[in-house]
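Okay, so here's the structure we're looking at.
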Amino acid sequence: MKKLDLKSFDIKELEDIMIRIDEKSFRAKQLFKWIHGKLINELDETTVFSSQLKDKLDNRYYIGNLKLLKKFESKLDDTIKYLFLLEDNNIIESVRMKYKHGNSLCLSTQVGCKMGCDFCASTKEGLVRNLSSSEILDQVYKIKKDINEEINNIVLMGSGEPLDNYDNVIKFIKLINSSDGQNLGIRNITLSTCGLVPEIYKLAEEDLQMTLSISLHSSSNEERKRIMPIANKYSIEEIIDATKYYIEKTNRRVTFEYTLINNINDKKEDAYKLSKLLKGMLCHVNIIPLNPIKGSELIKSNYAKEFKDLLVQKGINVTIRREMGSDINAACGQLKSDYMMKL
Ligand code: SF4
């Protein structure tokens with residue numbers, strides 16, 4: 001029988017396990033604190049459990065443990081990129097970015113991705129599999145131990161579409177927020193989606209105060225279809241309606257990500273159309289300079305400043321994302337594919 005990963009369980013589920021193996025249920029909270037507070041990798045690192053209890057757990061359970069494969073440190077800023085090896089030999093990447101307000105981690109939620117965005121290296125091999133909540137958590141735990149500093153913010157913006165791995169992502173958010181674990185505020189978590197409309201509505205009902213970030217990248221459905229296949233399934237209007245519903249339910253300001261691509265979405269009309277779409281919404285636009293991936297014909301636009309100014313004139317809140325770690329291959333999924341090609 002395949003052993004189950006204790007890191008993916010909440011306290012209630014650990015209580016059920018303790019009862020099943022004839023142990024007192026209060027042991028569950030102790031175990032949770034060791035795994036998610038003290039960040040142990042082995043049951044043997046605990047000091048409060050009898051060897052019988054550990055043996056009983058060992059028979060059917062283990063604690064998930066990502067292996068650090070490689071680490072790339074930027075010489076330009078404090079960005080660090082990590083490649084982690086999963087138990088089944090798949091590889092994922094995560095990034096630590098250091099800002100004035102602290103450490104921000106960009107995490108992967110899937111191995112690969114099936115969404116097919118044209119500007120993204122993570123999707124080139126399609127979706128391999130979902131990450132478990134333990135595998136998403138362990139990216140945080142391993143980086144926290146490595147840098148020996150607190151983690152202040154998390155963005156689910158690495159490889160994978162978080163809402164395509166809905167249950168494990170929600171579980172991850174609840175586990176990282178637990179006051180018996182890392183106690184990271186849900187308001188410090190940003191979930192980025194390419195616009196899975198039914199899941200945005202579902203997320204709005206979760207009563208979680210996280211920041212939603214929509215990868216819009218275009219203000220026209222036809223143009224969006226050229227770079228994001230998901231646009232064939234959900235129109236921009238449907239995404240905007242779902243986002244408005246999310247804002248209404250959570251009262252949280254939403255971010256729209258807009259990767260500026262030469263001659264595709266960087267024209268004046270694009271900015272005007274975008275401002276019309278977003279008018280009156282509690283939102284903010286983040287313009288992202290394209291980080292070109294190998295084999296793609298898409299080119300970075302030089303009009304980020306002009307595009308921003310047009311939106312600002314129309315009353316939209318806008319920032320241009322600072323390029324970080326550009327010397328260590330910052331494009332999403334690029335690091336992993338480069339590493340694999342060298343194997
Ligand atoms: S940008 Fe995000 S949703 Fe699109 S293919 Fe890449 S990982 Fe998937």
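1 is the number of the first residue of the sequence shown in my numbering; add one for each residue after it.
Beta carbons: idealized from backbone N, C-alpha and C, even for Gly.
Check, Outcome
"Restricting to runs no shorter than 4 residues, where is the alpha helix (DSSP H) found entirely within the stretch 138–192?", "166–177"
"Output the distance between the C-alpha atoms of E42 and Y62, rounded to the nearest integer angstrom.", "8 angstroms"
"Can you find a heavy atom of the ligand SF4 that lies under 6 angstroms from the Cβ of C120?", "yes"
"Mapping DSSP to helix, strand and coil, what is N263?", "coil"
"Quick one, which of I240, I200 and G195 has its alpha-carbon nearest K233's?", "G195"
"For a cutoff of 7 angstroms on Cβ pairs, would you count N302 as touching chain D?", "Included in the structure is just one protein chain, with no chain D present."
"Cβ atoms of S215 and R224: under 7 angstroms apart, would you say?", "no"
"With distances taken from CA atoms, which of L31, C113, F72 and H101 is nearest S94?", "F72"
"Please confirm whether any heavy atom of the ligand SF4 lies closer than 6 angstroms to the CB of E199.", "no"
"Who pairs with D5 in a beta bridge, going by DSSP?", "Y62"
"Inspect the beta-carbon positions of L156 and L131 and report whether they are closer than 7 angstroms.", "no"
"Quick check on DSSP: helix, strand or coil for V48?", "coil"
"Look at the alpha carbon of I239 and the alpha carbon of D138, and state the distance between them as a whole number of angstroms.", "31 angstroms"
"Assuming the contact rule is C-beta atoms closer than 8 angstroms, A379 and Y245 should be a hit. Round their C-beta distance to whole Å, please.", "It is not possible to answer for residue 379, since the shown part of the chain is limited to 1 through 343."
"Going by the CB atoms, is the gap between I143 and L107 shorter than 7 angstroms?", "no"
"For S275 and E269, I'd like the C-alpha separation in whole angstroms.", "10 angstroms"
"So, with DSSP's three-state summary, where would you put T211?", "strand"
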